[in-house]
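Right, one structure below, let's go through it.
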Amino acid sequence: MANMKTLKIERITQQGSLSAQIARQLEASIANGQIAVGDKLPTESELCDMFGVSRTAVREAIAHLRSLGLIETRRGIGTRVIQTRQAAPSPARRISAHTVEDILHVLELRLTLEPRAAALAAERHDEEDVQRLESAHAAFMEAVKQGRQARHEDYQFHHALIEATHNPFFMAFYEPLSQEAIPRARLVDHELNVEAARRYLEMVAGEHQAILDAVLSRDPERAEQAVRQHFSRARQTYSAYR
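Take the sequence shown: its letter number 115 is residue 115 in the UniProt record's numbering, and every next letter is one higher.
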(Lines of atoms letter the chains of each structure in order from A and count residues from 1; the text may use other names and numbers.)
(Lines give C-alpha, C1' and ligand atoms only; values in the text may rest on other atoms or scores of the structure.)
Protein backbone atom coordinates (compact mmCIF):
# COMPACT_ATOMS: atom_id res chain seq x y z
CA MET A 1 0.00 0.00 0.00
CA ALA A 2 1.13 3.55 -0.68
CA ASN A 3 2.85 5.15 2.31
CA MET A 4 0.26 7.64 3.56
CA LYS A 5 2.91 9.67 5.40
CA THR A 6 4.68 10.52 2.15
CA LEU A 7 1.56 11.55 0.22
CA LYS A 8 1.18 15.29 -0.23
CA ILE A 9 -2.52 15.54 0.54
CA GLU A 10 -4.40 18.77 1.11
CA ARG A 11 -7.63 18.92 3.05
CA ILE A 12 -10.61 19.43 0.77
CA THR A 13 -12.32 22.81 0.59
CA GLN A 14 -16.09 23.09 0.50
CA GLN A 15 -15.95 25.00 -2.77
CA GLY A 16 -16.49 22.94 -5.90
CA SER A 17 -16.93 19.20 -6.26
CA LEU A 18 -15.40 17.30 -3.34
CA SER A 19 -14.92 14.14 -5.36
CA ALA A 20 -13.23 16.06 -8.20
CA GLN A 21 -10.76 17.62 -5.74
CA ILE A 22 -9.94 14.20 -4.29
CA ALA A 23 -9.57 12.65 -7.74
CA ARG A 24 -7.22 15.42 -8.90
CA GLN A 25 -4.92 14.96 -5.90
CA LEU A 26 -4.85 11.18 -6.20
CA GLU A 27 -4.31 11.39 -9.96
CA ALA A 28 -1.37 13.75 -9.37
CA SER A 29 0.09 11.37 -6.76
CA ILE A 30 -0.16 8.52 -9.25
CA ALA A 31 1.32 10.55 -12.10
CA ASN A 32 4.35 11.71 -10.08
CA GLY A 33 5.05 8.25 -8.70
CA GLN A 34 4.10 8.88 -5.08
CA ILE A 35 1.66 6.02 -5.58
CA ALA A 36 3.45 3.61 -7.91
CA VAL A 37 2.03 1.06 -10.32
CA GLY A 38 1.14 -2.00 -8.25
CA ASP A 39 0.65 -0.03 -5.04
CA LYS A 40 -2.66 -0.24 -3.24
CA LEU A 41 -4.52 2.94 -2.50
CA PRO A 42 -5.34 3.69 1.13
CA THR A 43 -8.65 2.23 2.26
CA GLU A 44 -11.89 4.20 2.01
CA SER A 45 -11.77 4.97 5.73
CA GLU A 46 -8.18 6.17 5.50
CA LEU A 47 -8.98 8.39 2.51
CA CYS A 48 -11.97 9.84 4.36
CA ASP A 49 -9.70 10.74 7.27
CA MET A 50 -6.95 12.10 5.02
CA PHE A 51 -9.24 14.38 3.04
CA GLY A 52 -11.81 15.10 5.72
CA VAL A 53 -14.75 14.01 3.58
CA SER A 54 -17.52 11.43 3.49
CA ARG A 55 -17.35 7.96 1.98
CA THR A 56 -19.63 9.11 -0.84
CA ALA A 57 -17.10 11.69 -2.05
CA VAL A 58 -14.27 9.15 -1.82
CA ARG A 59 -16.23 6.51 -3.72
CA GLU A 60 -17.06 8.96 -6.51
CA ALA A 61 -13.39 9.94 -6.79
CA ILE A 62 -12.35 6.28 -6.95
CA ALA A 63 -15.00 5.62 -9.61
CA HIS A 64 -13.60 8.49 -11.67
CA LEU A 65 -10.01 7.20 -11.43
CA ARG A 66 -11.27 3.77 -12.40
CA SER A 67 -13.03 5.25 -15.43
CA LEU A 68 -9.70 6.77 -16.47
CA GLY A 69 -8.08 3.34 -16.37
CA LEU A 70 -5.61 4.32 -13.65
CA ILE A 71 -6.78 1.86 -10.98
CA GLU A 72 -8.67 -1.37 -10.58
CA THR A 73 -10.59 -2.75 -7.61
CA ARG A 74 -10.74 -6.45 -6.81
CA ARG A 75 -12.82 -8.00 -4.08
CA GLY A 76 -10.69 -9.14 -1.19
CA ILE A 77 -7.60 -7.39 -2.55
CA GLY A 78 -8.39 -3.71 -2.64
CA THR A 79 -7.73 -0.95 -5.13
CA ARG A 80 -4.41 -0.95 -6.98
CA VAL A 81 -2.76 1.43 -9.42
CA ILE A 82 -2.43 -0.22 -12.84
CA GLN A 83 -0.95 2.65 -14.85
CA THR A 84 0.26 6.20 -14.34
CA ARG A 85 -1.38 7.90 -17.28
CA GLN A 86 -4.98 8.08 -18.31
CA ALA A 87 -6.11 5.36 -20.64
CA ALA A 88 -7.93 6.60 -23.68
CA PRO A 89 -9.77 3.63 -25.13
CA SER A 90 -10.97 4.38 -28.64
CA PRO A 91 -14.36 2.92 -29.50
CA ALA A 92 -13.58 2.62 -33.21
CA ARG A 93 -10.70 1.66 -35.48
CA ARG A 94 -11.45 4.60 -37.75
CA ILE A 95 -14.27 7.04 -38.40
CA SER A 96 -14.94 8.98 -41.58
CA ALA A 97 -14.12 12.68 -41.43
CA HIS A 98 -17.74 13.63 -42.07
CA THR A 99 -18.97 11.41 -39.26
CA VAL A 100 -16.40 12.80 -36.83
CA GLU A 101 -17.52 16.34 -37.57
CA ASP A 102 -21.16 15.38 -37.00
CA ILE A 103 -20.29 13.74 -33.68
CA LEU A 104 -18.30 16.75 -32.49
CA HIS A 105 -21.07 19.16 -33.47
CA VAL A 106 -23.61 17.17 -31.46
CA LEU A 107 -21.26 16.91 -28.49
CA GLU A 108 -20.71 20.67 -28.62
CA LEU A 109 -24.46 21.19 -28.45
CA ARG A 110 -24.95 18.69 -25.63
CA LEU A 111 -22.04 20.18 -23.69
CA THR A 112 -23.91 23.49 -23.77
CA LEU A 113 -27.28 22.03 -22.81
CA GLU A 114 -26.90 19.05 -20.53
CA PRO A 115 -24.67 20.30 -17.70
CA ARG A 116 -27.30 22.89 -16.83
CA ALA A 117 -30.04 20.29 -17.24
CA ALA A 118 -28.24 18.04 -14.75
CA ALA A 119 -28.08 20.88 -12.22
CA LEU A 120 -31.82 21.44 -12.58
CA ALA A 121 -32.46 17.70 -12.33
CA ALA A 122 -30.53 17.63 -9.06
CA GLU A 123 -32.74 20.37 -7.68
CA ARG A 124 -36.11 19.24 -9.07
CA HIS A 125 -36.21 15.45 -9.43
CA ASP A 126 -39.03 13.49 -7.83
CA GLU A 127 -39.50 9.81 -7.02
CA GLU A 128 -40.58 8.94 -10.56
CA ASP A 129 -37.42 10.59 -11.91
CA VAL A 130 -35.33 8.57 -9.47
CA GLN A 131 -36.91 5.36 -10.73
CA ARG A 132 -36.37 6.32 -14.37
CA LEU A 133 -32.74 7.32 -13.81
CA GLU A 134 -31.86 4.22 -11.78
CA SER A 135 -33.66 1.93 -14.22
CA ALA A 136 -31.92 3.53 -17.21
CA HIS A 137 -28.52 3.22 -15.56
CA ALA A 138 -29.16 -0.42 -14.64
CA ALA A 139 -30.23 -1.15 -18.22
CA PHE A 140 -27.04 0.48 -19.51
CA MET A 141 -24.89 -1.61 -17.17
CA GLU A 142 -26.68 -4.80 -18.20
CA ALA A 143 -26.24 -4.00 -21.90
CA VAL A 144 -22.51 -3.46 -21.40
CA LYS A 145 -22.28 -6.70 -19.43
CA GLN A 146 -23.91 -8.52 -22.35
CA GLY A 147 -21.37 -7.07 -24.76
CA ARG A 148 -23.81 -4.78 -26.56
CA GLN A 149 -23.06 -1.20 -27.60
CA ALA A 150 -25.81 0.15 -25.30
CA ARG A 151 -26.75 2.93 -27.71
CA HIS A 152 -30.45 2.94 -26.78
CA GLU A 153 -29.71 2.54 -23.07
CA ASP A 154 -27.24 5.41 -23.18
CA TYR A 155 -29.83 7.67 -24.79
CA GLN A 156 -32.48 6.63 -22.27
CA PHE A 157 -30.23 7.58 -19.35
CA HIS A 158 -29.70 11.07 -20.72
CA HIS A 159 -33.36 11.34 -21.70
CA ALA A 160 -34.31 10.59 -18.08
CA LEU A 161 -31.86 13.27 -16.94
CA ILE A 162 -33.45 15.85 -19.23
CA GLU A 163 -36.94 14.75 -18.15
CA ALA A 164 -35.99 15.33 -14.51
CA THR A 165 -35.57 19.07 -15.20
CA HIS A 166 -39.37 19.31 -15.40
CA ASN A 167 -38.85 21.95 -18.07
CA PRO A 168 -40.69 20.91 -21.26
CA PHE A 169 -38.56 23.18 -23.42
CA PHE A 170 -35.41 21.28 -22.50
CA MET A 171 -37.15 18.12 -23.69
CA ALA A 172 -38.45 19.79 -26.86
CA PHE A 173 -34.89 20.84 -27.66
CA TYR A 174 -33.38 17.43 -26.87
CA GLU A 175 -35.81 14.88 -28.30
CA PRO A 176 -35.31 15.73 -32.00
CA LEU A 177 -31.72 14.51 -31.61
CA SER A 178 -33.16 11.07 -30.76
CA GLN A 179 -30.68 8.19 -30.42
CA GLU A 180 -28.39 9.93 -32.93
CA ALA A 181 -27.29 12.06 -29.98
CA ILE A 182 -25.16 9.09 -28.89
CA PRO A 183 -21.83 9.17 -30.79
CA ARG A 184 -21.69 5.38 -31.18
CA ALA A 185 -25.04 5.45 -32.97
CA ARG A 186 -23.28 7.11 -35.89
CA LEU A 187 -20.74 4.32 -36.24
CA VAL A 188 -21.15 1.23 -38.40
CA ASP A 189 -20.16 -2.19 -37.11
CA HIS A 190 -17.00 -2.58 -39.20
CA GLU A 191 -15.60 0.62 -37.63
CA LEU A 192 -15.87 -0.70 -34.07
CA ASN A 193 -12.92 -2.01 -32.11
CA VAL A 194 -14.83 -4.50 -29.95
CA GLU A 195 -12.41 -4.79 -27.02
CA ALA A 196 -11.61 -1.08 -26.90
CA ALA A 197 -15.32 -0.29 -27.20
CA ARG A 198 -16.01 -2.49 -24.18
CA ARG A 199 -13.43 -0.64 -22.10
CA TYR A 200 -14.80 2.64 -23.40
CA LEU A 201 -18.31 1.71 -22.29
CA GLU A 202 -17.05 0.71 -18.85
CA MET A 203 -15.55 4.20 -18.61
CA VAL A 204 -18.88 5.73 -19.67
CA ALA A 205 -20.65 3.63 -17.03
CA GLY A 206 -18.42 5.11 -14.35
CA GLU A 207 -19.20 8.61 -15.58
CA HIS A 208 -22.93 7.87 -15.61
CA GLN A 209 -22.65 6.62 -12.03
CA ALA A 210 -20.99 9.86 -10.95
CA ILE A 211 -23.78 11.86 -12.64
CA LEU A 212 -26.47 9.73 -11.04
CA ASP A 213 -24.92 9.99 -7.57
CA ALA A 214 -24.68 13.77 -7.83
CA VAL A 215 -28.26 14.17 -9.04
CA LEU A 216 -29.71 11.89 -6.38
CA SER A 217 -27.67 13.73 -3.73
CA ARG A 218 -29.39 16.95 -4.85
CA ASP A 219 -26.03 18.54 -5.50
CA PRO A 220 -26.53 20.73 -8.60
CA GLU A 221 -22.94 21.96 -8.78
CA ARG A 222 -21.51 18.46 -8.65
CA ALA A 223 -24.10 17.18 -11.13
CA GLU A 224 -23.28 19.94 -13.58
CA GLN A 225 -19.56 19.29 -13.26
CA ALA A 226 -20.00 15.52 -13.67
CA VAL A 227 -21.91 15.98 -16.94
CA ARG A 228 -19.44 18.57 -18.20
CA GLN A 229 -16.58 16.19 -17.48
CA HIS A 230 -18.47 13.37 -19.22
CA PHE A 231 -18.94 15.29 -22.47
CA SER A 232 -15.54 16.98 -22.40
CA ARG A 233 -13.91 13.56 -22.21
CA ALA A 234 -16.09 12.31 -25.07
CA ARG A 235 -15.20 15.33 -27.19
CA GLN A 236 -11.51 14.74 -26.52
CA THR A 237 -11.87 11.06 -27.48
CA TYR A 238 -13.60 11.72 -30.80
CA SER A 239 -11.39 14.72 -31.65
CA ALA A 240 -8.51 12.25 -31.90
CA TYR A 241 -10.12 10.78 -35.04
CA ARG A 242 -9.77 14.01 -36.99
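For every residue, glycine included, the Cβ atom is placed at its ideal position computed from N, Cα and C.
Treat the numbers as computed from the prediction; the structure is a model and nothing was measured.
Relative to the C-alpha of I182, which candidate in D154, V227, I162 and V194 has its C-alpha closest? For the purposes of this step, residue 182 is identified with residue 182 of the sequence shown, where counting begins at 1. That would be D154, whose Cα lies nearest to the Cα of I182.
Which residues does DSSP pair with I71 in a beta bridge? Position 71 of the sequence shown, counting from 1, holds the residue named residue 71. Secondary-structure assignment with DSSP links I71 through a beta bridge to V81.
Give me whichever residues DSSP pairs with K145 in a beta bridge. By one-based count along the sequence shown, residue 145 stands at place 145. K145 has no beta-bridge partner at all, per DSSP.
Distance check for Q156 and G147, CA to CA, integer angstroms please. Sequence index remark: in the sequence shown, residue 147 carries index 147 (1-based). Sequence index remark: in the sequence shown, residue 156 carries index 156 (1-based). Taking the straight line joining both Cα atoms gives about 18 Å.
Would you say the region 159–175 touches the region 128–138, given that touching needs at least three Cβ pairs under 8 Å? The region 159–175 vs the region 128–138: in contact.
Report back the beta-carbon spacing between A223 and A119 to the nearest angstrom; my notes put them in contact at under 8 Å. What you label residue 223 is simply residue 223 of the sequence shown in a count that begins at 1. What you label residue 119 is simply residue 119 of the sequence shown in a count that begins at 1. With 8 Å as the limit, A223 and A119 qualify as a contact, their Cβ atoms being about 6 Å apart.
Would you mind reading off the limits of the alpha helix (DSSP H) that contains T99? Stepping through the sequence shown from its first residue, residue 99 is reached at position 99. That run of the alpha helix (DSSP H) goes A97 to R124.
Would you report the Cα separation of L201 and D49, rounded to the nearest angstrom? Locating residue 201 in the sequence shown gives position 201, where the first residue counts as 1. Locating residue 49 in the sequence shown gives position 49, where the first residue counts as 1. Taking the straight line joining both Cα atoms gives about 32 Å.
State the Cα-Cα distance for the pair T99 and I82, rounded to the nearest angstrom. Locating residue 99 in the sequence shown gives position 99, where the first residue counts as 1. Locating residue 82 in the sequence shown gives position 82, where the first residue counts as 1. Distance from the CA of T99 to the CA of I82, rounded to the nearest whole angstrom, comes to 33 Å.
Following the continuous alpha helix (DSSP H) through Q225, name the residue where it begins and the one where it ends. Along the sequence shown, one-based indexing puts residue 225 at 225. Segment P220 to S239, the alpha helix (DSSP H) holding Q225.
A185 versus A210: straight-line alpha-carbon distance, rounded: Here residue 185 refers to the residue found at position 185 of the sequence shown. Here residue 210 refers to the residue found at position 210 of the sequence shown. If I take the Cα positions, the gap works out to 23 Å.
What number of angstroms, rounded off, separates the C-alpha of L65 from the C-alpha of E27? On the sequence shown, position 65 is the one that residue 65 refers to. On the sequence shown, position 27 is the one that residue 27 refers to. Distance between the alpha carbons of L65 and E27: 7 Å.
Rounded C-beta distance between S29 and E60? I'm assuming under 8 Å. Sequence index remark: in the sequence shown, residue 29 carries index 29 (1-based). Sequence index remark: in the sequence shown, residue 60 carries index 60 (1-based). Between E60 and S29 the Cβ distance is about 17 Å, and since that is not below 8 Å, they are no contact.
Compare the beta carbon distance of V37 and T79 with 8 Å and say whether it is the shorter of the two. As a first step, residue 37 must be located in the sequence shown, where it is residue number 37. As a first step, residue 79 must be located in the sequence shown, where it is residue number 79. Going by C-beta atoms, V37 is not nearer than 8 Å to T79.
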